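Participant: Numbering (the numbering used here), first residue to last: -11 to 320.
This is the structure I have questions about; it appears just below.
Next up, the structure:
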């Protein structure tokens, strides 16, 4: 049955299985991997994890996400709601393959995702042989521009900004239509926050002002011209200008940490938690794509938190450091 009503009901029933924030915190305090394994085994993730695959959590969670996407596709009337998310996997895969080929290194296949629109096996020859026309036209155009800029500047990080912009534009193209208005609004906020992060990154990388238009995404609420205009000064001047602007109060601690310690962890955590606050409003929709989008976003955040905990516990990190990275994003 393919209807938003049926899909919304199914998503609401699955929300009961999200891990509470307090559970994730307790897991992060596990004294040994064995204790952590017991916690996982006794949870909703017990069916997909066992002693032999605990350290292969990336692959296990990847397969889990693929299963979720496949299930959603069976019950929604419009597959674009899933394709928007699969784009993120495509973006990461293209970046990994492109960067490896540009630097003359072998591709690390283990870190490529299988949840994208294109499989890694299909993407590799396309990028290696530069037959970008086999991809979506906007990606074809972006990759050709990346080739030109990389040949001219040799700056792989700059070329990645070009790809980010192409994927962001494609996402908005997919989310056209009145039924996606609120979801598009969520992504407009996402663009604003990404632009703030990107312009700080660009300043840290000492990217010339002439390249700033490549760094900034379209579709946000903050005027791109304003962001370009404040880029000219010193990093400290840029940081203070951003703190005085939209979202500045919320991001002030994170921005100052980037400025003083060159660390983005607090900044990125604040962004994630703010975005999840917006996602929380989707739960009040009676039915429709917002309910499905809300479930997917919360599931992705849960998986991000799980990876933080897996990394912390399995690598013997300080539990306080791990707890500090967990997003308290209304998952309970």
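Yeah, the Cβ is synthetic: ideal placement off N, Cα and C, and Gly gets one too.
Every value quoted in this text rests on a predicted model; they were computed, and no experiment measured them.
#1: Take residue 72 as the anchor and find which of 6, 20, 239, 156 has the nearest alpha-carbon.
#2: Assuming residue 150 contacts residue 163 (C-beta within less than 8 Å), just tell me the rounded distance between them.
#3: For the 8 Å Cβ check, are there 3 or more pairs between the segment 175 to 183 and the segment 256 to 270?
#4: Who are the near neighbours of residue 357 in its chain, counting only those whose CB is closer than 7 Å to its CB and skipping five residues on each side?
#5: Inspect the beta-carbon positions of residue 234 and residue 219 and report whether they are closer than 8 Å.
#6: Quick one: what does DSSP say residue 270 is sitting in, helix, strand or coil?
#7: Grouping DSSP H, G and I as helix and E and B as strand, with all else coil, what is residue 222?
#8: As a quick exercise: from 141, 66, 251, pick the residue whose alpha carbon is nearest that of residue 167.
#9: Measuring straight from C-alpha to C-alpha, what distance separates residue 322 and residue 98?
#10: Kindly indicate which residue of 105, 210, 194 has the alpha-carbon position closest to the one of residue 158.
#11: Which same chain residues end up closer than 8 Å to residue 37 when comparing Cβ atoms and leaving out the 5 residues on each side of it in sequence?
#12: Could you give the DSSP three-state label for residue 258: helix, strand or coil?
#13: Starting from the C-beta of residue 212, find all residues in its chain whose C-beta is less than 8 Å away, skip the five residues before and the five after it, and write them out in chain order.
#14: Let's see if you can read the secondary structure: which residues bound the alpha helix (DSSP H) around residue 99?
#15: Along the chain, where does the alpha helix (DSSP H) containing residue 73 start, and where does it finish?
#16: Helix, strand or coil for residue 286, going by three-state DSSP, please let me know.
#17: Less than 8 Å separating the beta-carbons of residue 313 and residue 224?
#18: Please work out which residues of its chain come closer than 7 Å, Cβ to Cβ, to residue 246, disregarding the five sequence neighbours upstream and downstream, and give them in chain order.
#19: Closest by CA to residue 278, which one among 86, 92, 35, 173?
#20: Considering only residues of the same chain and omitting the five flanking positions on each side of residue 271, which have a CB-CB separation below 7 Å?
#21: Should the segment -3 to 5 be regarded as contacting the segment 299 to 308, the criterion being three or more beta carbon pairs within less than 8 Å?
#22: Which first and last residues belong to the alpha helix (DSSP H) in which residue 53 is found?
#23: Using C-beta distances below 7 Å, list every residue in its chain close to residue 317, excluding the 5 sequence neighbours before and after it, in chain order.
#24: Keeping to the same chain, check which residues put their C-beta closer than 7 Å to that of residue 137; ignore five residues upstream and five downstream.
#25: Mind checking which residues open and close the alpha helix (DSSP H) that includes residue 165?
#26: Could you compute how far the alpha carbon of residue 222 sits from the alpha carbon of residue 239?
#27: For residue 157, decide whether its Cβ has a neighbour in chain C, counting only Cβ atoms nearer than 8 Å.
#28: Which value, in whole angstroms, describes the spacing of the CA atoms of residue 5 and residue 132?
#29: Rounded to the nearest angstrom, what separates residue 14 and residue 307 at their Cα positions?
#30: Tell me which residues share the same chain as residue 249 and place their Cβ nearer than 8 Å to its Cβ, disregarding the 5 neighbours each side in the sequence.
#31: So, under 8 Å CB-CB, residue 57 and residue 74 are touching, yes? Tell me the CB distance rounded to an integer number of Å.
#32: Are residue 275 and residue 55 touching if we call contact CB-CB under 8 Å?
#33: Using a Cβ-Cβ cut-off of 7 Å (strictly less than) and excluding sequence neighbours within five positions of residue 296, which residues of its own chain qualify?
Facilitator: Quick answer:
#1: Looking at the Cα atoms, 156 is the closest of the given residues.
#2: That pair is no contact at about 21 Å.
#3: They touch, by the three-pair rule.
#4: Shown here, the chain extends from -11 to 320; a query on residue 357 therefore has no answer.
#5: With contacts defined by Cβ atoms closer than 8 Å, residue 234 and residue 219 do not form a contacting pair.
#6: Three-state DSSP puts residue 270 in a helix.
#7: If DSSP states are grouped into helix, strand and coil, residue 222 belongs with coil.
#8: Nearest of 141, 66, 251 to residue 167, Cα basis: 66.
#9: No statement about residue 322 is possible, as the shown extent of the chain runs from -11 to 320 and does not include it.
#10: Measuring from the Cα of residue 158, the nearest candidate turns out to be 105.
#11: Result list for residue 37: 25, 28, 29, 45, 48, in chain order.
#12: The answer is helix: DSSP assigns residue 258 an H, G or I state.
#13: Taking C-beta separations shorter than 8 Å and ignoring five residues to either side along the sequence, the partners of residue 212 in its chain run 183, 201, 204, 206, following chain order.
#14: Membership of residue 99 in any alpha helix (DSSP H) is not indicated, and neither H nor E is assigned to it by DSSP.
#15: Looking at the DSSP string, the run of the alpha helix (DSSP H) that includes residue 73 is 68 to 91.
#16: Residue state for residue 286 is assigned as helix, using DSSP reduced to three classes.
#17: Taking 8 Å as the Cβ cut-off, residue 313 and residue 224 do not qualify as a contacting pair.
#18: Sequence-distant Cβ neighbours of residue 246 in its own chain, meaning closer than 7 Å and more than five residues away, are 188, 252, 255.
#19: Per the Cα distances, 173.
#20: In chain order, 282 place their CB closer than 7 Å to the CB of residue 271, counting only its own chain and leaving out the 5 sequence neighbours on each side.
#21: No, the segment -3 to 5 does not touch the segment 299 to 308.
#22: For residue 53, the enclosing alpha helix (DSSP H) has its first and last residue at 45 to 63.
#23: The beta carbon of residue 317 sits closer than 7 Å to the beta carbons of 260, 261, 264, 289 from its chain, once the five residues preceding and following it are set aside; these are given in chain order.
#24: Annotation for residue 137: 146, 147, 150 place their beta carbon closer than 7 Å to its own, counting only its chain and skipping 5 residues before and after.
#25: Run containing residue 165: none; DSSP gives neither H nor E here.
#26: Taking the straight line joining both Cα atoms gives about 19 Å.
#27: Looking for chain C here will not work: only one protein chain is present.
#28: Using only the alpha carbons, I get a separation of about 44 Å.
#29: Going by the C-alpha atoms only, they are around 10 Å apart.
#30: Excluding sequence neighbours, residue 249 sits near nothing in its chain.
#31: In this structure, residue 57 and residue 74 form a Cβ contact; the two beta carbons are roughly 7 Å apart against a cut-off of 8 Å.
#32: Taking 8 Å as the cut-off, the beta carbon of residue 275 is found no closer than this to the beta carbon of residue 55.
#33: In chain order, 310, 313, 314 place their CB closer than 7 Å to the CB of residue 296, counting only its own chain and leaving out the 5 sequence neighbours on each side.
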